[in-house]
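In mature numbering (1 follows the signal peptide of the UniProt record, and there is no 0), the protein residues as written are -22 to -1, 1 to 354.
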């Protein structure tokens, strides 16, 4: 008797994923206010050769969404697998905003740490409290300036090298959280709207040795549909593109460190952004430009889908279940029960499920800053 299709697919899936790795590792790459500005998503202006190369080795997600379009709330949701009304992070963690997740919440870093996985965070953290979001290795704005750990791609490269040097004997989860292409003109206007001058080698701007700045001609850009076509907007986006190219070069450096360490063939690589760009109708809004996110997943399994697109509806809330699935771990039981609502994305690496018109993703509005509890 022939088995129904779902059971045949399950048996096939279990067969193809039984691949032997020395250790199962995760490299999680996170952009800060990044959108679809890359060749892999058909932007023909901005130069992103390293992201595009990663996409060709990955499954490309075309319907991935944040659960909230605000920095700290989104990061807390990504790391806990819970939406903001469950994890408690309703606004920004830093400064006067002072939002924290609930103390009883479990993050992927603490769950994996208790299971013997070495955890690391390099770059922008922007969540709290520390006991909930604890990593074994931290090089964040809590120890250094955020630009030095989030935009200085030479420092990021060296921190990654340091972490990987000490992580070869045990499985690891390393999150590299870039600060590009977040705005900075409201805080340090001398560096430009997006800190595109910082580290460029210009007088007084310092030098990032591994960064080769790429500059864009403002009147030759193709603006996103939601940005007004004005000269100030074009100049703004041109500056943003320069920092996207810095992000891209940083990702290239990190992936090269992984390869140099001999760990590429044991490591699941995930790339996404916390929320949409800081532009009209985008970040801090529930409109598509604020919620829709780029996402790639590269598996070391040669049988996994590569340079293919999935249209399956996907949420950032699916990332914790995916990471747990990769390490063959279950989410800890609690009393009262507080199960995760996301699902593992690993099956998508092998087969595209039938279209389900009832499959939706959940998102909610945040406070963002304490003075801005409304869409912008």
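Glycine residues also receive a C-beta, built at the ideal position from the N, C-alpha and C atoms.
Whole-Å CB distance - residue i paired with residue j, under 8 angstroms assumed
i           : j           : result
residue 171 : residue 26  : About 19 angstroms separates the two Cβ atoms, so there is no contact after all.
residue 238 : residue 149 : The pair is not a contact, with the Cβ atoms about 19 angstroms apart (cut-off 8 angstroms).
residue 278 : residue 334 : The Cβ separation is near 29 angstroms, so there is no contact.
residue 318 : residue 59  : 4 angstroms
Alpha-carbon spacing of residue i relative to residue j, whole angstroms
i           : j           : result
residue 192 : residue 220 : 6 angstroms
residue 174 : residue 216 : 10 angstroms
residue 81  : residue 65  : 9 angstroms
residue 180 : residue 210 : 23 angstroms
residue 358 : residue 101 : Coverage of the chain is limited to positions -22 through 354, which leaves residue 358 absent and any answer about it impossible.
residue 322 : residue 294 : 11 angstroms
residue 355 : residue 162 : Residue 355 lies beyond the range of the chain shown here (-22 to 354); nothing can be said about it.
residue 327 : residue 142 : 26 angstroms
residue 343 : residue 47  : 7 angstroms
residue 121 : residue 169 : 22 angstroms
residue 20  : residue 314 : 46 angstroms
residue 310 : residue 103 : 24 angstroms
residue 12  : residue 146 : 31 angstroms
residue 6   : residue 126 : 19 angstroms
residue 113 : residue 137 : 14 angstroms
residue 212 : residue 316 : 46 angstroms
residue 229 : residue 197 : 28 angstroms
residue 184 : residue 178 : 7 angstroms
residue 200 : residue 144 : 44 angstroms
residue 379 : residue 95  : Residue 379 cannot be examined here, being either before or after the span of the chain that is shown, -22 to 354.
residue 61  : residue 258 : 24 angstroms
residue 359 : residue 264 : The structure shown has nothing for residue 359, since the chain only spans -22 to 354.
residue 92  : residue 260 : 37 angstroms
residue 256 : residue 154 : 21 angstroms
residue 296 : residue 1   : 22 angstroms
residue 44  : residue 262 : 11 angstroms
residue 300 : residue 182 : 44 angstroms
residue 16  : residue 49  : 21 angstroms
residue 332 : residue 254 : 28 angstroms
residue 281 : residue 166 : 47 angstroms
residue 70  : residue 107 : 12 angstroms
residue -9  : residue 67  : At residue -9 the pLDDT is 43, less than 50, meaning the model places this residue with poor confidence and gives no usable figure here.
residue -19 : residue 42  : Reliability of the predicted coordinates at residue -19 is poor, the pLDDT of 42 falling under 50, and no value is obtained from them.
residue -13 : residue 324 : Residue placement at residue -13 cannot be trusted, given a pLDDT of 42 that sits under 50; what the coordinates show is reported in the next sentence. Roughly 12 angstroms separates the two Cα atoms.
residue 128 : residue 330 : 35 angstroms
residue 123 : residue 240 : 30 angstroms
residue 90  : residue 99  : 13 angstroms
residue -5  : residue 63  : Caution is warranted here: a pLDDT of 45 is assigned to residue -5, below 50, making its placement in the model unreliable, and no coordinate value can be reported.
residue 203 : residue 176 : 29 angstroms
Within 8 angstroms, strictly: CB atoms of residue i and residue j
i           : j           : result
residue 37  : residue 242 : no
residue 9   : residue 225 : yes
residue 97  : residue 151 : yes
residue 23  : residue 289 : no
residue 88  : residue 105 : no
residue 29  : residue 276 : no
residue 292 : residue 14  : no
residue 235 : residue 139 : yes
residue 159 : residue 227 : no
residue 35  : residue 283 : no
residue 86  : residue 232 : no
The alpha helix (DSSP H) enclosing residue i, as first and last residue numbers
i           : result
residue 58  : 49 to 58
residue 302 : 297 to 304
residue 232 : 209 to 238
residue 268 : 266 to 269
residue 180 : It is not in any alpha helix (DSSP H) - residue 180 carries neither H nor E in the DSSP assignment.
residue 32  : 27 to 34
residue 285 : Premise fails: residue 285 is in no alpha helix (DSSP H) and is neither H nor E.
residue 128 : 124 to 128
residue 91  : 86 to 92
residue 343 : Residue 343 -> no alpha helix (DSSP H), and no H or E assigned at all.
residue 63  : 62 to 65
Span of the beta strand (DSSP E) around residue i
i           : result
residue 3   : 3 to 9
residue 137 : That residue, residue 137, is in no beta strand (DSSP E); its alpha helix (DSSP H) goes 131 to 143.
residue 100 : 96 to 101
residue 155 : 150 to 155
residue 251 : 245 to 251
residue 118 : 115 to 118
residue 38  : 37 to 43
(request) Indicate whether the contact test is met: 3 or more Cβ pairs, each with one atom in the region 242 to 250 and one in the region 272 to 287, closer than 8 angstroms. (result) yes
(request) Count the C-beta pairs between the region 130 to 147 and the region 182 to 191 that are closer than 8 angstroms, then say yes if the count reaches three, no if not. (result) yes
(request) For the region 299 to 317 and the region 44 to 55, state whether three or more C-beta atom pairs, one from each stretch, are separated by less than 8 angstroms. (result) no
(message) Could you check whether the region 110 to 125 touches the region 330 to 339, counting it as contact only if at least three pairs of C-beta atoms, one from each stretch, sit closer than 8 angstroms?
(response) no
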